[in-house]
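If you read the protein sequences in the order shown, they are chains A and B. 161 is the number that our numbering gives the last residue of the first sequence; the numbers go up by one with no jumps. 431 is the number that our numbering gives the last residue of the second sequence; the numbers go up by one with no jumps. Note that the Cβ used here is the ideal one computed from N, Cα and C, for glycine as well. Let me begin by presenting the structure, written as C-alpha cells, before commenting on it.
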Amino acid sequence: MMNVIMITAIWCPSCIIMRSRYDELLKHYNITKIEYDFDDDTDLIAPYKIGSILPVVIFMKDNEEILRIIGEKSKKELTKLLEGLYL
Amino acid sequence: MIYFDYSATTPVNDTVLETFVKASKELFYNPNSLYPEAKKTSDLIEKTSERIKAHLHLPNHEVIYLSGASEANNLAIKGVAYKNQTLGKHLIMSPFEHSSVSACFGYLQKQGFLVDVVKTLNNGLVDLDDLKSLMREDTILVSICGVSSELGIVQPIEEISQIVHQYPNATFHSDMTQAIGKTAVKLDFVDLISMSAHKIYGLKGIGALFRRENVKMIPLIHGGKSTSKLRSGTPPTPLILSLEKAIDIATSELPKNYITLQKYHNLLLFGLEDLPGVSVNSPLGSIPHITNISVMAMQAKDMQAYLAENDVYVSTQTACSSDDSRSEVVYRLTKSETKARTSIRISLSHLTTVEEIERLVDLIRAVAI
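What follows is the structure, given as C-alpha cells:
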C-alpha cells in the first residue's frame with residue numbers, strides 16, 4: 075500500500091498550484107494523500123527533515139520513503155515521476 | 063539608525079497623530095448611539111468617508127473601516143467567495159500576493175474552492191493571455207495586487223479589470239497597500255480595494271476595504287450594523303479621522319514625493335551598478351520606493367544581520383520558504399536559486415536622505431565580491 079505525505083503552508087502559492095495538480099494526478103493511482111500543515115503540524119513533520127522549499131511531497135511504501143518531490147513540478151514531470159514508481 | 067524598511071511600516075506623520083489625539087479627546091462618543099453628540103460623531107465619520115472617496119477618486123465605492131490590509135484582504139476574498147459560491151467556486155490569484163491574500167486562497171482551496179495561480183511574464187507582469195485562458199463562467203473572484211510588496215512591480219490594473227469584467231459573476235479585488243499614496247494608479251477599475259494606514263505614515267490598527275456598491279459579499283465579523291453592515295464593531299472615530307488625514311497628505315504630496323523617490327532610487331541604482339555580485343531583482347517600471355537586490359556573496363539573513371549591526375535596517379522576504387532564507391518570489395522572477403537566497407528589500411521614503419543611501423551603498427560595497 076502506498077501513501078503520500080504532502081507538507082504545505084496555506085500562504086504558499088507553490089503549494090496552491092501543486093495541491094490541485096497532485097489531486098488531479100493521484101486520482102489515477104491507488105495512493106492515499108495525507109496533508110500536513112507546515113505551521114500547525116510541526117511535531118508531525120519534524121521527522122521528515124524538510125528543507126527550505128515548499129511543498130514537500132513524500133511517497134511512502136510499507137512505511138519507507140521511496141520518492142520525495144520538492145517544490146513546483148509540471149504535470150508532465152509529475153506524471154513521469156509517478157509512472158516511475160510503478161515500473 | 064538608518065531605516066530602509068518603509069514598505070513594512072512607516073513612522074506616523076505628526077499631523078496624522080495630532081488628528082488622532084484631538085479626536086480621541088473630543089470625539090469619544092460611540093457613533094452607533096443615538097444621543098446628539100454620538101449622532102454628530104456619526105455624521106462626521108460619514109463626511110470623512112466622503113472625503114476619503116474624493117481623495118482616491120472612488121465615488122461609487124463604500125468605505126469599510128477595519129484593522130488593516132490583512133483584515134481587508136480576508137474580508138474581500140472570503141466574503142466574496144462565501145457569498146457567491148452558488149454561482150461558482152473558481153478563484154484566481156497572482157503568485158506575487160501578500161501572505162494575507164495567498165493564505166485566504168490556500169484556506170479556501172482546502173474547503174473545496176478551485177484556485178488557479180495566473181502565470182507572470184519575465185518582467186513580473188501578469189500574463190494577460192494566461193489570465194484570459196483561466197477565466198471561466200464559474201470564476202467568482204480574481205485577486206491581483208496593484209504593486210507587489212517584495213519587488214515593487216506595478217501590475218496593469220486597467221487591462222486586468224477589462225478581462226475580469228467580461229465575466230458577470232467575477233469580482234476583481236486588488237491589494238493596493240503598496241500602491242495608494244505611492245504611485246498614481248486609477249482605482250475605479252477595481253471592485254474591491256484593500257489598504258492600510260501605517261504604510262503611508264498613518265497609524266497602525268486602521269485600514270479600509272473599498273467596495274463597489276454592486277459587489278455582493280458577507281461579513282466575517284458579525285454583529286450590529288456599524289458604519290458598514292459588512293464590519294461590525296464600534297467605529298474607531300479617532301483612527302478613522304487619522305486615516306483620512308494620512309490619505310489626504312499621501313495623495314496630495316504624491317507628485318512631489320514621487321520625484322524625490324525617483325531621484326533616491328536612481329542614486330541607489332547608480333551606487334550599486336558596478337558592484338561585483340550584486341544584481342537588482344526589481345524589474346524596470348517597479349515603483350522607486352522598493353528596490354529588491356541580491357548580494358550574492360551573502361545569504362539574505364546574514365546580510366540583514368550585517369547591516370543591522372551597522373544600524374541599517376532592511377528586510378528579507380520569505381514567502382514559501384520554510385527556513386527564512388529563500389524568496390520564492392525572487393526565484394519565480396529570476397529562476398536563480400542564488401538570487402532567491404541572497405535577496406533583500408530596500409524600501410525608501412521621501413524621509414530618506416542622500417547620506418543614508420551612500421552609507422548603505424558603502425556597506426554593501428564592503429562585502430560585495
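In the structure shown, K363 of chain B falls within a helical segment according to DSSP collapsed to helix, strand and coil. Under the Cβ criterion of 8 angstroms, V179 of chain B is counted among the residues facing chain A. Within the segment 159-234 of chain B, the complete alpha helix (DSSP H) runs of at least 4 residues fall at 161-172, 190-196 and 219-226. In the structure shown, E139 of chain A falls within a strand segment according to DSSP collapsed to helix, strand and coil. Where D117 of chain A is concerned, the enclosing alpha helix (DSSP H) starts and stops at T116 to I119. For F66 of chain B, the nearest beta carbon of chain A is not closer than 8 angstroms to its own beta carbon. CA-to-CA, the gap between Y65 of chain B and A134 of chain B works out to about 27 angstroms. Annotated as distal: S161 of chain B and C207 of chain B, with beta-carbon spacing of 8 angstroms or more.
Of all residues in the segment 86-107 of chain A, the ones placed with a Cβ closer than 8 angstroms to any Cβ belonging to chain B are C86, P87, S88, C89, I90, I91, R93 and S94, in chain order.
Only buried fits H327 of chain B, as 16 or more other CB atoms lie within 10 angstroms of its CB. One Cα belongs to K102 of chain B, the other to E108 of chain B, and the distance between them is close to 10 angstroms. Close to chain A, meaning a Cβ-Cβ distance shorter than 9 angstroms, are the following residues of the segment 166-199 of chain B: C166, F167, G168, Y169, Q171, K172, L176, V177, D178 and V179. Between Y368 of chain B and V429 of chain B, the CB-CB gap stays under 8 angstroms. Listed along the chain, the chain A residues whose CB falls inside 7 angstroms of the CB of P157 of chain B are P87. By alpha-carbon distance to L329 of chain B, the top candidate from B:E418, B:S164 and B:T148 is B:E418. The residue among B:R427, B:I426 and B:L422 with its C-alpha nearest the C-alpha of M63 of chain B is B:L422. The segment 107-115 of chain A makes contact with the segment 83-97 of chain A, as at least three CB pairs between them are under 8 angstroms. Taking CB atoms only, I84 of chain A has a neighbour in chain B less than 8 angstroms away. When C-beta atoms of the segment 393-409 of chain B are compared with those of the segment 218-227 of chain B, fewer than three pairs fall below 8 angstroms, so the two segments do not count as touching.
At least one CB atom of chain A sits nearer than 8 angstroms to the CB of S161 of chain B. Within the same chain, H119, I219 and E220 come within 8 angstroms of K248 of chain B by CB-CB distance, once the 5 residues on both sides are set aside. When 7 angstroms is used as the limit between beta carbons, S210 of chain B is near no residue of chain A, the shortest such separation being about 12 angstroms.
Taking all protein chains in view, the Cβ of E80 of chain B is surrounded by fewer than 16 other Cβ atoms within 10 Å, so the residue is classified as exposed.
Sorting A:L159, A:G158, A:Y160 and A:G145 by C-alpha distance to the C-alpha of R95 of chain A places A:G145 at the top. When the Cα atoms are used, Y103 of chain A and K147 of chain A turn out to be separated by approximately 18 angstroms.
Rounded to whole angstroms, the separation of the alpha carbons of L106 of chain B and A116 of chain B is 15 angstroms. Proximity of chain A to S344 of chain B at the Cβ level (cut-off 7 angstroms) is not reached, the minimal Cβ distance being about 19 angstroms. Buried is the label assigned to P93 of chain B, since at least 16 other Cβ atoms lie within 10 Å of its Cβ. Restricting attention to alpha helix (DSSP H) runs no shorter than 4 residues, the segment 133-159 of chain B encloses none. A distance below 6 angstroms between beta-carbons, with the five flanking residues on each side excluded, links M358 of chain B to the following residues of its chain, in chain order: G339, T400 and T404. Counting along the chain, R388 of chain B sits inside no beta strand (DSSP E), nor does DSSP assign it H or E at all.
Boundaries for N104 of chain A: no alpha helix (DSSP H) harbours it, and the DSSP string shows neither H nor E there. Contacts with chain A at 8 angstroms (Cβ-Cβ) do not include S398 of chain B.
In the DSSP assignment, the residues bridged to M257 of chain B are B:A270. For S132 of chain B, the nearest beta carbon of chain A is not closer than 8 angstroms to its own beta carbon.
By the neighbour-count definition (other C-beta atoms within 10 Å, threshold 16), P350 of chain B is a buried residue.
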